[in-house]
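Trainee: Residue numbers (the numbering used here): -19 to 124.
1. Are the CB atoms of residue 77 and residue 114 nearer to each other than 7 Å?
2. Under 6 Å from any heavy atom of the ligand GTP, does the C-beta of residue 34 make it?
3. With distances taken between CB atoms, is the gap from residue 61 to residue 27 smaller than 7 Å?
4. For residue -5, which of helix, strand or coil comes out of DSSP?
5. In chain order, what residues of the same chain lie with their CB nearer than 7 Å to the CB of residue 36, ignoring the 5 residues before and after it?
6. Which same chain residues, not among the five before or five after residue 106, have their C-beta less than 7 Å away from its C-beta?
7. Check each candidate in 59, 108, 24 and name the one with the smallest Cα separation from residue -12.
8. When we look at the beta-carbon of residue 67 and count the other beta-carbons within 10 Å, is it buried (16 or more) or exposed?
9. Which first and last residues belong to the beta strand (DSSP E) in which residue 116 is found?
10. Which of the three DSSP states, helix, strand or coil, is assigned to residue 108?
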């Protein structure tokens, strides 16, 4: 989750160096996810393995993009899969906020995950830093 949040922060700050560094870390984290160590049934493990592979591929795709807007599009794909993965494995780290910008990608709208409740829009960066709303929060840490 840390590498993903670092990508979000880099996009928010329009910092491609930070974005690329975090994307490498995300790819490594996804590739090394210890699915077999999870206390879950085989279907959840297989689903998690597929999500991790998709995240790794999208992180690699994000690295291959030179344009920050193309990186934002890859980030959206990573977000959608990571949100599903987080809910599937009941991520028990700190609370994560699910946020939404209705204006992203020509008013198509897009979601992102954040470690903070405060809106820091990764799809518009400095242009519209607080455009968005809090849609949900994920906190499985209390449900052990």
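All C-beta atoms, glycine included, are put in the ideal place defined by N, C-alpha and C.
Mentor: Straight from the coordinates:
1. Yes, these two residues count as a Cβ contact at 7 Å.
2. Absence of the ligand GTP is noted for the structure shown, with no ligands found whatsoever.
3. no
4. coil
5. 7, 10, 11
6. -6
7. 59
8. Exposed, since its Cβ has fewer than 16 Cβ neighbours within 10 Å.
9. Residue 116 -> beta strand (DSSP E) spans 113 to 118.
10. In the three-state reduction of the DSSP assignment, residue 108 falls in the coil class, being assigned neither a helical nor a strand state.
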